Amino acid sequence: MTQPLLMPKATAVWLVDNTALSFEQIAAFCTLHPLEVQGIADGDVAGGIMGANPIQNGQLTREEIERAEADPEYRMKLSEPKVRVAAAKRKGPRYTPISRRNERPNAIKWLVRNHPELKDAQIMRLVGTTKSTIDSVRESTHWNSANLAAMDPVTLGLCSQIDLDLEVKRASKGSTGPDEAEEGTMLMTAAEALARSGGRGHAEGEENEFAANDHRPEQAQDDFDADSVFAKLKSVKSDTDN
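Numbering-wise, the numbering used here puts 1221 at position 95 of the sequence shown, and it's gapless, one number per residue.
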């Protein structure tokens, strides 16, 4: 979505004073009437307003102005903002369009059925309803309970998927699933832990790899013992002393 021009009249004052653009071009860019721009040039309109440079605030480029000055029929376009500021969230109950307010009980029924972990305050934020309405839908005492059909509030346009996922995550935060709870209270034996981590297979693989990389003759491998090693060491030591 294109962001609107900041301070249209102040921008028009700066363009009138610092460019050779026509009144129609300035009016089209600043969303003003050409006669209002002419009044700014004559000093009859916006006499106490200081001009705002659209180049400095990043909403217009020098090249765009030069292109418009060379072609009187050209209409300047706003530059894409380098930084997008998120819109501030309005505190209070969510506004629901009148055309969709009749769908709120259907959305409440869907939320109660599919996400029982949600609290009433969370459903109120998502759908923009009251606690009494939630209780009546949950207890099937709503005046139109016989005709209610569970419908996804995102599909109905009552909330966004991001808001729904966020509320569900908040509701389930800190709760441990049944599988995790059972596994956390049990102690595994060493054999089970080794089998689960694949340690036994890994050790056997290393042993086979070591045997495969041993290039000594089979006889040397079989006759290799501690006595032969010490005998060789003694002979080496005696040769060194001599």
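All C-beta atoms in this analysis are idealised placements derived from N, C-alpha and C, irrespective of residue type, glycine included. No experiment lies behind these values; they were computed from the predicted model shown.
Item                                                                                                                                   : Value
Got a sec, what are the start and stop residues for the alpha helix (DSSP H) Lys1257 sits in?                                          : 1257-1264
Would a C-beta distance cut-off of 7 Å place Ala1154 and Arg1201 closer than the cut-off?                                              : yes
Quick check on this structure: which residue in Ala1172, Lys1235, Gln1248 has the alpha carbon closest to the alpha carbon of Asn1273? : Lys1235
Measure the alpha-carbon distance for Val1238 versus Asp1246 and round it to whole angstroms.                                          : 9 Å
Report the three-state DSSP secondary structure of Val1294 (helix, strand or coil).                                                    : helix
Hey, out of Arg1227, Ala1297, Gly1165, whose CA is closest to Ile1175's CA?                                                            : Gly1165
Answer yes or no: do Gln1185 and Ser1205 have a C-beta to C-beta separation smaller than 7 Å?                                          : yes
Looking at C-alpha atoms only, which residue of Leu1284, Val1171, Glu1190, Glu1192 is the closest neighbour of Arg1449?                : Outside the displayed span of the chain (1127 to 1368) sits residue 1449, for which this structure offers no information.
Report buried or exposed for Ala1346, applying the criterion of at least 16 other Cβ atoms within 10 angstroms of its Cβ.              : Summary for Ala1346: the model assigns pLDDT 47, below 50, so the residue's position carries little reliability, and this model does not support an answer.
In three-state terms, what does DSSP make of Val1280?                                                                                  : helix
Check each candidate in Ser1148, Arg1251, Asn1232 and name the one with the smallest Cα separation from Ser1271.                       : Asn1232
Taking 7 Å as the threshold (C-beta atoms), are Ile1191 and Thr1255 in contact?                                                        : no
Applying the 10 Å Cβ sphere with the 16-neighbour rule, what's the burial state of Trp1140?                                            : buried
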